[in-house]
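Worksheet: one structure, shown below.
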Amino acid sequence: MRDIMTDDLLTLKTETDAALAGATDLRAWDAIRVAVLGKNGSLTGLLKELGKAPPDQRRERGAALNQLKDALSTAIEGRRTALENAAMDARLAAERLDPSLPPRPGRTGLIHPISRTMDEMAAIFGAMGFSVAEGPDAEGDWYNFGALNIPAHHPARADHDTFYLPGENGGTPRVLRTHTSPVQTRTMLTQEPPLRIIAPGRTYRADHDATHSPMFHQCEGLVIDRNITLGHLKGCLTDFLRAFFGIGSLPVRFRSSYFPFTEPSMEVDIGWNRKTGELGAGGDWLEILGSGMVHPRVLANCGIDPREWQGFAFGMGVERVTMLKHGIPDLRPFYESDIRWLRHYGFNPLAPVTLHEGI
Ligand code: DAH
Numbered sequence: 220m221r222d223i224m225t226d227d228l229l230t231l232k233t234e235t236d237a238a239l240a241g242a243t244d245l246r247a248w249d250a251i252r253v254a255v256l257g258k259n260g261s262l263t264g265l266l267k268e269l270g271k272a273p274p275d276q277r278r279e280r281g282a283a284l285n286q287l288k289d290a291l292s293t294a295i296e297g298r299r300t301a302l303e304n305a306a307m308d309a310r311l312a313a314e315r316l317d318p319s320l321p322p323r324p325g326r327t328g329l330i331h332p333i334s335r336t337m338d339e340m341a342a343i344f345g346a347m348g349f350s351v352a353e354g355p356d357a358e359g360d361w362y363n364f365g366a367l368n369i370p371a372h373h374p375a376r377a378d379h380d381t382f383y384l385p386g387e388n389g390g391t392p393r394v395l396r397t398h399t400s401p402v403q404t405r406t407m408l409t410q411e412p413p414l415r416i417i418a419p420g421r422t423y424r425a426d427h428d429a430t431h432s433p434m435f436h437q438c439e440g441l442v443i444d445r446n447i448t449l450g451h452l453k454g455c456l457t458d459f460l461r462a463f464f465g466i467g468s469l470p471v472r473f474r475s476s477y478f479p480f481t482e483p484s485m486e487v488d489i490g491w492n493r494k495t496g497e498l499g500a501g502g503d504w505l506e507i508l509g510s511g512m513v514h515p516r517v518l519a520n521c522g523i524d525p526r527e528w529q530g531f532a533f534g535m536g537v538e539r540v541t542m543l544k545h546g547i548p549d550l551r552p553f554y555e556s557d558i559r560w561l562r563h564y565g566f567n568p569l570a571p572v573t574l575h576e577g578i
């Protein structure tokens, strides 16, 4: 560099290097950048003067200035990178998280009642040998309806007030699942019987008032084996309801009903007192869930031979049983993230669900 560099240019390089080394933040760095490369910067000034130099000197001076410009630009950019890296290192060190620290008093988060109920369902059914299955919120029409014996134009489709999503790249539209029952479809299609699953999750219907939300939660159940009977259904759901509500003598009633995907179908009611809201007493009945023996056509639709296998299914609203169990009067605050409501109804995350202590 020295050979074509004149003293004034070498001085500018030395001074700029020193200034850059002294710049400890991006603000100081930027001031240097502007002072050298900016519109009125020192290097810019030298480049402007080049035009005035006599032609015989212009060529050599021009080459030297270009060389200097490259060197200065590299030095300036290099310093920027170094400062940014140092700033990031300092931030990483300052914001480091120590997950082994105990929670700060009063700042522990709480488990939402919906999550708590789903954990309790998993614990109770888990003890009966069920595992938890999942499916997507945005479903194919056939999984949500067709496979479950709800053909096009079936009135149950209208009842479900379905949200439709446009298909990707002009493909077939999807439905936001109107119930968790499509997880039955998926489980039967992908797993070999015998099956014993529950499927808690989000569901969607175009419905909004004090007792309905467009997004809510259900828990599905499915049992498929060789000799499953209505007796198993009744025993399983009675045991579940008594464990979940913590009332060993809770009256449970099975009432004949209709669902397209079960035959016979039954609504399940629990005993309560309509006036006081007390569960397990009072002689009134409250509908809790739908259930039935899986329709042979549904088994066949999902690739299971109905002459060899049979089973039962059920579906219940998670919000509904949560409100009943904890005496929560209104559905809407479940989704409003009001910290006062969450503090009141939330559960201690350090005291997870365990069956042996009672649910
Ligand atoms: N899918 C029904 C609903 O959304 C609930 C239901 C009823 C699910 C009976 C079932 C069942 O699996 O067997 O209202």
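If you're matching positions, the sequence shown starts at 220 in our numbering and goes up one per residue.
Here a beta-carbon is modelled for each residue, glycine too, at the ideal position from N, C-alpha and C.
- Counting C-beta pairs with one atom in each stretch, the stretch 357–371 and the stretch 467–477 have fewer than three that are closer than 8 Å, which means they do not touch.
- Positions of the alpha helix (DSSP H) runs, each at least 4 residues long and wholly inside the stretch 330–370, are given as 332–346, 360–363 in order along the chain.
- Non-local beta-carbon contacts of residue 426 in its own chain, meaning distances under 7 Å to residues more than five positions away in sequence, involve 380, 433 in chain order.
- With contacts defined by Cβ atoms closer than 8 Å, residue 340 and residue 523 do not form a contacting pair.
- Residue 410 is not a Cβ neighbour of residue 532, given a cutoff of 8 Å.
- DSSP, reduced to helix, strand and coil, places residue 380 outside both helices and strands of the structure shown, so it counts as coil.
- Distance from the CA atom of residue 299 to the CA atom of residue 226, rounded to whole angstroms, is 27 Å.
- The beta carbon of residue 364 sits no closer than 7 Å to any heavy atom of ligand 1.
- Selection 254, 444, 465 evaluated against residue 526 yields 444 as nearest (Cα-Cα).
- Residue 311 counts as exposed, since fewer than 16 other C-beta atoms from the protein chains shown sit within 10 angstroms of its C-beta.
- For residue 300, the enclosing alpha helix (DSSP H) stretches over residues 274–313.
- With a cut-off of 7 Å, the C-beta of residue 532 is classified as near ligand 1, since at least one heavy atom of the ligand falls inside that distance.
- Distance from the CA atom of residue 462 to the CA atom of residue 308, rounded to whole angstroms, is 53 Å.
- DSSP links residue 434 through a beta bridge to 423.
- For residue 538, the uninterrupted alpha helix (DSSP H) run begins and ends at 537–545, by DSSP.
- Here residue 409 carries a helix assignment [DSSP, helix/strand/coil].
- Between residue 393 and residue 357 a beta carbon distance of about 4 Å is seen, short of the 8 Å cut, so the two are scored as contacting.
- Between ligand 1 and residue 553, a heavy atom-to-CB distance of less than 7 Å is absent.
- By the C-beta density criterion, residue 569 is exposed, having fewer than 16 other C-beta atoms within 10 angstroms.
- Following the DSSP letters along the chain, one finds residue 459 inside the alpha helix (DSSP H) bounded by residues 449–464.
- A distance of 8 Å or more separates the beta carbons of residue 487 and residue 464.
- DSSP places residue 483 in the uninterrupted beta strand (DSSP E) bounded by 481–491.
- The beta carbon of residue 436 sits no closer than 7 Å to any heavy atom of ligand 1.
- For a cut-off of 8 Å, the C-beta gap from residue 459 to residue 343 is around 6 Å, short enough to register as a contact.
- Residue 547 and residue 559 have their alpha carbons spaced roughly 14 Å apart.
- Residue state for residue 528 is assigned as coil, using DSSP reduced to three classes.
- In the DSSP assignment, residue 509 falls within the unbroken beta strand (DSSP E) covering 503–513.
- The C-beta distance from residue 231 to residue 262 rounds to 7 Å, short enough to meet the 8 Å contact threshold.
- Residue 523 carries a coil assignment under DSSP once its states are collapsed to helix, strand and coil.
- Our two residues, residue 440 and residue 455, have alpha carbons roughly 11 Å apart in a direct line.
- Take residue 399, set aside five residues on each side of it, and the residues of its chain with a beta-carbon closer than 8 Å to its own are 354, 418, 419, 420, 422, 437, 438, 439, 534, in chain order.
- Residue 413 has its alpha-carbon roughly 12 Å from the corresponding atom of residue 350.
- Look at residue 506: its beta carbon is at least 7 Å from all of the heavy atoms in ligand 1.
- Here the alpha carbon of residue 489 sits roughly 10 Å from the alpha carbon of residue 500.
- Going by C-alpha positions, residue 429 is about 43 Å away from residue 319.
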